[in-house]
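There are 6 protein chains.
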Amino acid sequence: MRVTVCRKAHFNAAHRLYVKSWDDQKNEEVFGKCSNPHYHGHNYELIVNVTGTLDPVTGYVMDMKVLKDLIKAEVEDAFDHKNFNEQVPEFTDLIPSAENIAVVIYNKLFPHLDEDKTLEVVLYETPRNFVKYSG
Amino acid sequence: MRVTVCRKAHFNAAHRLYVKSWDDQKNEEVFGKCSNPHYHGHNYELIVNVTGTLDPVTGYVMDMKVLKDLIKAEVEDAFDHKNFNEQVPEFTDLIPSAENIAVVIYNKLFPHLDEDKTLEVVLYETPRNFVKYSG
Amino acid sequence: MRVTVCRKAHFNAAHRLYVKSWDDQKNEEVFGKCSNPHYHGHNYELIVNVTGTLDPVTGYVMDMKVLKDLIKAEVEDAFDHKNFNEQVPEFTDLIPSAENIAVVIYNKLFPHLDEDKTLEVVLYETPRNFVKYSG
Amino acid sequence: MRVTVCRKAHFNAAHRLYVKSWDDQKNEEVFGKCSNPHYHGHNYELIVNVTGTLDPVTGYVMDMKVLKDLIKAEVEDAFDHKNFNEQVPEFTDLIPSAENIAVVIYNKLFPHLDEDKTLEVVLYETPRNFVKYSG
Amino acid sequence: MRVTVCRKAHFNAAHRLYVKSWDDQKNEEVFGKCSNPHYHGHNYELIVNVTGTLDPVTGYVMDMKVLKDLIKAEVEDAFDHKNFNEQVPEFTDLIPSAENIAVVIYNKLFPHLDEDKTLEVVLYETPRNFVKYSG
Amino acid sequence: MRVTVCRKAHFNAAHRLYVKSWDDQKNEEVFGKCSNPHYHGHNYELIVNVTGTLDPVTGYVMDMKVLKDLIKAEVEDAFDHKNFNEQVPEFTDLIPSAENIAVVIYNKLFPHLDEDKTLEVVLYETPRNFVKYSG
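Protein chains in written order, with the working numbering: chain B, 1 to 135; chain W, 1001 to 1135; chain S, 2001 to 2135; chain E, 3001 to 3135; chain D, 4001 to 4135; chain X, 5001 to 5135.
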C-alpha cells in the first residue's frame, strides 16, 4: 500500500537571474527586472512529497518529524535569509531560477530517503508562480 | 530533465447550467439552483501547469512572463466579466460547467505551446469545488 | 469583558453595476466592464463579527450555531445563486456594489442581535477587493 | 475525455497515536507528544478527487452535489467532533495516523462510485502536514 | 508614531465544552456535539497583535523574535498537543471555549509587554470560526 | 454612512536591516540573520484600507480601479523587484523594517486621497509576520 506524505516548509532569500557570459542588455531582454544587479527576493514556500509503503505497525510512511528535521537541515538552514547567487555554493555557476532551486532541493533530499521512496518537490516563488520536480 | 512550471490566474464571470432541449423542470431537477435563468457567477481561479525540458542556459522551462501573457490573451481577456452562455462563443452549444470550461481553456492554450510541452489545467469554480484536465 | 466572535460564510451571485438613469456610455465610463449588461458574478466570502459580553457560565458571547443559522437564513438563502439586480428585492433601486451589499447584510442581521451587541460585516467580492461596514 | 472533479470537506476530531502492545516509554519514543494519553485534536481538511468520463449532455463527470452528500454521509457524519480511538469503529485496532485515516476514507468512498471512476484522497492533518492516497 | 506588529502561531489540542454542574442532557442541548465526553480537537491558529511606539533607531515596535519566543513559551509550549480540560490548569474550572482561550492567552502575554504596549489576540478555532479579544 | 474599501497588492524586494553607525557585531546581535550584508528578500503582500462616505449614486466609497492604479504607481512600480537599501530613495537613511515600509507607503498614498478619507496600511513581510499603520 503506497501513500504520499507531504510537508510544507518556508525560507526567504535574495537572488538575481542572469547569465554571466551575457552583457547587461541581453540579460535585461531575457530576464527583465529579475536581472536587477542589486537583487530582489522572495518568501519561498516549499512542499516536499514523499511516497512510500505504509508501515502496518506505526501507520507511518515515514516519521514526519524526521522529514521536518531533514528539510530544516538540508534546505532551511542552507537557504534561509541568504543570497542565492553570492552565498549558496550550488548556485555559483547555476542560475537560481525556481526550476533550478527545486532541482537542487530534490538532489539534496533524495539521497537521505530510504530506497523504496519516491520524491516530488513543489516550490512556490510567489503565490502565483510555482514549479514541480520529481526526478 | 523535465520540470513543471505553474501559473495562477483569475477571472470572474456569470453562467447558468441548463440543457436547451430540456424543459425548466428537468433542468431544475438535474442542475438545481445552478440552472437559475437569471444567472449566477463565480470568481474562477485558474492554475496552468506546463511540463517541459529545463533549458540549461536560462534555467527556464518557459518564460513565465510569456505564459502569463498567453493566459491573459487566451483566457482572461476572453472570459473576464463575461456571461459564458451569452457572450463566449465556445459555449453557444456547450454547457459552461467547470469541467467544460477547463477543457476549453486547455484547447485554447495547448496549440501555443512548444511541441515537447505537456499541459494540465486546474480550475476552481469555488474554493470548495474544482476540476483538473490534462488532455 | 467584551469579546468578538467571527463567522465566515459564502455565497455566489451575478450582478452588474449601472445607474438606471444614465445611458450605456456613461455607465461604461464609470463602471467599466462591471456594467456589462449580460452580468458577471462572484464568489462572495462574508465575515460577520459580533462583539458582546462573555457569558461566564457558557464561555460564549453568543452560540456560534445560532449565528451560523442566522447568516444562512438572512444572507445565504436570500442571495446564493441569485442575480442581485433581478432577483433580490433590496437591490431593485440600489446598485449592488460590494459596499451596498455589505450595508444591506448589516441591516438584515443587526435587528436579530441582542441589544448589547455590536456588529461588523466584512465582504470579499474577490480575494483582492473587499469592504467593511460597522453601522 | 477524462476529467477530475475535486471537492473539499472538513471535520475536526481528537486522536492519539500509540501501539497498544507497546509500553508508554516506547510509544513516547516513537510518537512523541502525539501519543499524549489525554488526546489532542485537529481540524482535518479533506479533498476528494474523482476522475471519470465527461458526460457530453450534462457537462458533468459526476454531480458535485451527489459527491458532497456522499462525503457528508460517509466521512463528516462519521468522524466530525469524534474521538477516533474511542468512537470510530475502523480505528479500534488501527492507529489513526493521517495515512490510515486517508486509506479508510478511500475505502469508504470508493464502493459508492461508478465503475469507470478512479479516486484520490488528500487529507490535511494540519496546514503543514498532509497525505495522499489513490488505492 | 504608533504601529501594530502581528505574529501568527499555531497549536493543536483537544477539548470538550460542558458545564460540570449540568447533566449530560442540558450540556448536549447547549453545546451540541461540542460536549462529546470523549473530546474532539482543533488546529488553533493564533494571531498576536502588539501596538506600540516605533523605535526610530531600529525601525522596530518590538523585536519579532522576542514576540515569537514569548508566544512559544507562554502559549505553544503550554497548549500544543494537550487536552485543555484535563491538562491545562487555567481550564480546570473554566470552559475552554474559543472566547475563554483567547482571554487566557491575552492574560498570559500582556504582563510580559512593555507598559506602552497594547495587545489584541485573534484565535481561529476553525477556518470559519474565530474570536478577538483586546482587554 | 462610512464604509471601508480594501485592496490587496503585491511586490517583492530585497533588503537588509542594519544601523549604519553600528559595527557588524552589534547589527548581528540586534537584527540576527536579517542583517546579512548580501541581503535577503520577501514577497510583500499589501492591504490598503480606505474609509470614506458611501456615494449614494454610484454605491462606491471610491472607484477601486483608481485605488488599484494609485497603489501601482506609488508602491508597486517604486518597490517591485528592487533592493530597498540600494534603490529606493526613502530608505537611504531609514531602515527598511516592515514597520518603516508601512509608514512610507502610508505617507505616499495619503496625500492622493480625498480629504474625508482615512487610511490604514497592512503589510505582510511573510505569511507569519505583518504590521499595521493608520497614521
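Built from N, CA and C at the ideal position, the CB exists for glycine as well.
Taking 8 Å as the cut-off between beta carbons, the residues of the region 2095-2109 of chain S near chain X are Ile2095, Pro2096, Ser2097, Ala2098, Glu2099, Asn2100, Ala2102 and Val2103, in sequence order.
At a C-beta separation below 7 Å, Thr5004 (chain X) has these neighbours in chain S: Val2131 and Lys2132. Boundaries of the beta strand (DSSP E) around Phe4130 (chain D): Asn4129 to Tyr4133. The CB of Val30 (chain B) comes closer than 7 Å to the CB of Thr1058 in chain W, given here in chain order. By alpha-carbon distance to Pro4111 (chain D), the top candidate from D:Gly4135, D:Phe4130 and D:Pro4127 is D:Gly4135. The three-state secondary structure of Tyr2060 (chain S), taken from DSSP, is coil. Per DSSP, Asn3100 (chain E) is one residue of the alpha helix (DSSP H) stretching across Ala3098 to Leu3109. By DSSP's assignment, Ile3047 (chain E) forms a beta bridge with E:Lys3008 and E:Val3122. For Val5030 (chain X), the enclosing alpha helix (DSSP H) starts and ends at Asp5024 to Phe5031.
At least one CB atom of chain B sits nearer than 8 Å to the CB of Arg3128 (chain E). Bounds of the alpha helix (DSSP H) holding Asn2085 (chain S) are Phe2084 to Gln2087.
As a beta-bridge residue in DSSP terms, His1040 (chain W) pairs with W:His1015. Rounded to whole angstroms, the Cβ separation of Val48 (chain B) and Val121 (chain B) is 6 Å, and the two are in contact under 8 Å. Under the Cβ criterion of 8 Å, Val4019 (chain D) is counted among the residues facing chain S. Ala4073 (chain D) has a beta carbon lying at 8 Å or more from every beta carbon in chain E.
Within the DSSP secondary-structure output, Thr4092 (chain D) pairs in no beta bridge. Val5003 (chain X) has X:Gly5052 as its beta-bridge partners, per DSSP. Under the Cβ criterion of 8 Å, Arg1007 (chain W) is counted among the residues facing chain B. For Asn4043 (chain D), at least one C-beta of chain E is nearer than 8 Å to its own C-beta. Under the Cβ distance rule, Ala5014 (chain X) counts among the residues neighbouring chain B, one pair being separated by less than 8 Å.
At a cut-off of 8 Å between beta carbons, Gln3025 (chain E) makes no contact with chain D.
Residue contact check for Val4061 (chain D) against chain X: a CB pair falls below 8 Å.
Non-local C-beta neighbours of Tyr3106 (chain E) in its own chain, meaning closer than 7 Å and more than five positions away in sequence, comprise Leu3119, Val3121, Tyr3133 and Gly3135, ordered along the chain. Annotated three-state conformation of His1081 (chain W) is coil, per DSSP. For Leu119 (chain B), no CB of chain E lies under 8 Å from its own CB, so it is not counted at the interface with that chain. The beta carbon of Thr2004 (chain S) is closer than 6 Å to those of Asn2049 and Thr2051 in its chain, skipping five residues each way along the sequence. Cβ-Cβ separation between Glu125 (chain B) and Tyr39 (chain B): approximately 14 Å, too far for a contact (criterion under 8 Å). A direct Cα-Cα distance of roughly 7 Å separates Gly41 (chain B) from His5081 (chain X). At a cut-off of 8 Å, the C-beta of Glu4086 (chain D) has a neighbouring C-beta in chain E.
For the pair Leu1017 (chain W) and Cys1034 (chain W), the CB atoms are nearer than the 8 Å cut-off.
The Cβ neighbour count for Gly32 (chain B), taken over all protein chains shown within 10 Å, is under 16; the residue is labelled exposed.
Not a single CB atom of chain W sits nearer than 8 Å to the CB of Leu3046 (chain E).
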